[in-house]
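Just below is one structure, and these are the notes that go with it.
As structure tokens, this is what we get:
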């Protein structure tokens, strides 16, 4: 499970369709829709994404964020252990800021006004989100995204702002399906500082020629050892897949993981989360997901469902909340006639009942009632994912629970 993070990180950095040099941001030009949802697993349709892979082996990386005037934004800083910290409205505010990703054991000084963000590993991933409040707000949000940039400490002190990335430059590879898995693992372990308490684990890896002081050579393996490692790749993925279902608790039909971004020595949980994609810390956002209705049947587009929020039971957030539906299995958005891929507290013209309650309809076919509260569903099986950005303590401690998705008969 320990090696899962290193190889998943390498796989995603190679096969994701984000094109920019290391230490430079790539900005997605639009909100994610079905045509582009393959870039992420279960992407949101509420924010603009901007992302960068970083390598601070030689010096800190300076990140500039503009004044967003209270607008929600966040940048998740994820290291190679999948541990997460955040730059953004909740943690650092929305005024213009300069932040430095500082490598382990770096002893230099930062310029005045630059806030240090220590990282445990030299390499990692940045994933930013900038809220778009409707179609008429898109240009303003994109303007802010374009003013988020990264520069090495040397570039920053010389007053240089890096140019935008030009051409695509990525080659899709997948080291998870053959013996190269261990080659990648060996290379990445060489770059990581030793963690307290993992000496015995590293000693186990040494037995197969993998580790910070090793040079993994597949050609030197016996036939039995090679077959054993190839089998371990297959079995390991199956163990992680099975373990993921056991690591996420269920609350009123919604699976909610509240231990993302802080794993310590919980290798199985970390591997299961990373297999599905990286996420924010729970304090930044929660992602409740539902696969079944109130009759414990899988959600399917041929049915009609309702989600009823009482007036005093709206999702408790300081940021915003939304609901999106994805095809089951590949977690992609599905095309629909309204081109509506999320619904939530910012949706225009939502209809609230006289008592202040809110009913959202989920179905593939157009409902007979008003379309204002309709979120079109995929034609087949689907998963419903809520997003609670800057959730309140009630959401974090489970004293608030989302209503069950109910089938309409």
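In my numbering, the protein residues as written are 70 to 478. Note that CB positions come from ideal geometry on N, CA and C, so glycine has one too. Model, not experiment: these values are computed from the prediction.
Pull up the DSSP beta-bridge partners for residue 429, would you.
Sequence index remark: in the chain shown, residue 429 carries index 360 (1-based). According to DSSP, which records beta bridges pairwise, residue 429 is partnered with 376.
How do the stretch 392-404 and the stretch 448-468 stand: do at least 3 beta-carbon pairs fall below 8 angstroms, yes or no?
yes
Using the three-state DSSP reduction, which class does residue 157 fall into: helix, strand or coil?
One-based indexing of the chain shown puts residue 157 at position 88. In the structure shown, residue 157 sits in a strand (DSSP, three-state: E or B).
Assign residue 226 to one of two classes, buried (16 or more other C-beta atoms within 10 Å of its C-beta) or exposed (fewer than that).
Residue numbering aside, residue 226 sits at position 157 when the chain shown is read from its first letter. The residue in question, residue 226, is exposed, as its Cβ has fewer than 16 Cβ neighbours within 10 Å.
Run through the DSSP bridge pairs and tell me what residue 408 is partnered with.
Within the chain shown, the letter at position 339 stands for residue 408. Residue 408 pairs with nothing; no bridge assigned.
Give me the DSSP bridge partner(s) of residue 187.
For the purposes of this step, residue 187 is identified with residue 118 of the chain shown, where counting begins at 1. According to DSSP, residue 187 bridges with 171.
Do you know how far the Cα of residue 462 is from the Cα of residue 493?
Only positions 70 to 478 of the chain appear in the structure, and residue 493 is not among them; the question remains open.
On the three-state DSSP scale, how would you describe residue 148?
Residue mapping note: residue 148 aligns to position 79 of the chain shown, counting from 1. In the structure shown, residue 148 sits in a strand (DSSP, three-state: E or B).
Pull up the DSSP beta-bridge partners for residue 391, would you.
Looking up residue 391 in the chain shown gives position 322. BP columns for residue 391 point to 413 and 456.
Does the Cβ-Cβ distance between residue 198 and residue 142 come in under 9 angstroms?
As a working mapping, residue 198 is identified with position 129 in the chain shown. As a working mapping, residue 142 is identified with position 73 in the chain shown. Yes, the Cβ-Cβ distance between residue 198 and residue 142 is below 9 angstroms.
Integer-rounded CB distance, given that residue 347 should sit under 8 angstroms from residue 485:
The question about residue 485 has no answer, for the chain in this structure spans 70 to 478.
Bridge partner(s) assigned by DSSP for residue 116
Translated into the one-based positions of the chain shown, residue 116 becomes position 47. Its beta-bridge partners are 200.
Cutoff 7 angstroms; reference residue 412; Cβ partners in own chain excluding five residues on either side
Residue numbering aside, residue 412 sits at position 343 when the chain shown is read from its first letter. Excluding positions up to five away in sequence, the list reads 391, 392, 429 and 444.
Whose C-beta lies closer than 6 angstroms to the C-beta of residue 189 among residues of the same chain, with five residues either side of it excluded?
Taking the first residue of the chain shown as 1, we reach residue 189 at position 120. Contacts found: 148.
Quick check on residue 212: buried or exposed, where buried means 16 or more other Cβ atoms within 10 Å of its Cβ?
As a first step, residue 212 is located in the chain shown; it is residue number 143 there, counting from the start. By the neighbour-count rule (16 or more Cβ atoms within 10 Å), residue 212 is not buried but exposed.
Quickly, what does DSSP pair residue 421 with across the bridge? List them, please.
As a working note, residue 421 is residue 352 in the chain shown. In DSSP, residue 421 forms a bridge with 427.
Per DSSP, what kind of secondary structure is residue 295 in: helix, strand or coil?
Walking along the chain shown from the start, residue 295 turns up at place 226. In the structure shown, residue 295 sits in a helix (DSSP, three-state: H, G or I).
Whose C-beta lies closer than 6 angstroms to the C-beta of residue 433 among residues of the same chain, with five residues either side of it excluded?
Position 364 of the chain shown, counted from the first residue, corresponds to residue 433. Cβ within range, chain order: 370, 446 and 448.
Given residue 457 as reference, the closest of 101, 90 and 115 once Cα atoms are compared
Counting from one through the chain shown, the residue named residue 457 turns up at place 388. For the residues 101, 90 and 115, the minimum Cα distance to residue 457 belongs to 115.
Per-residue DSSP class, three states only, for residue 192
Taking the first residue of the chain shown as position 1, residue 192 is located at position 123. In this structure, residue 192 counts as strand in the three-state DSSP scheme.
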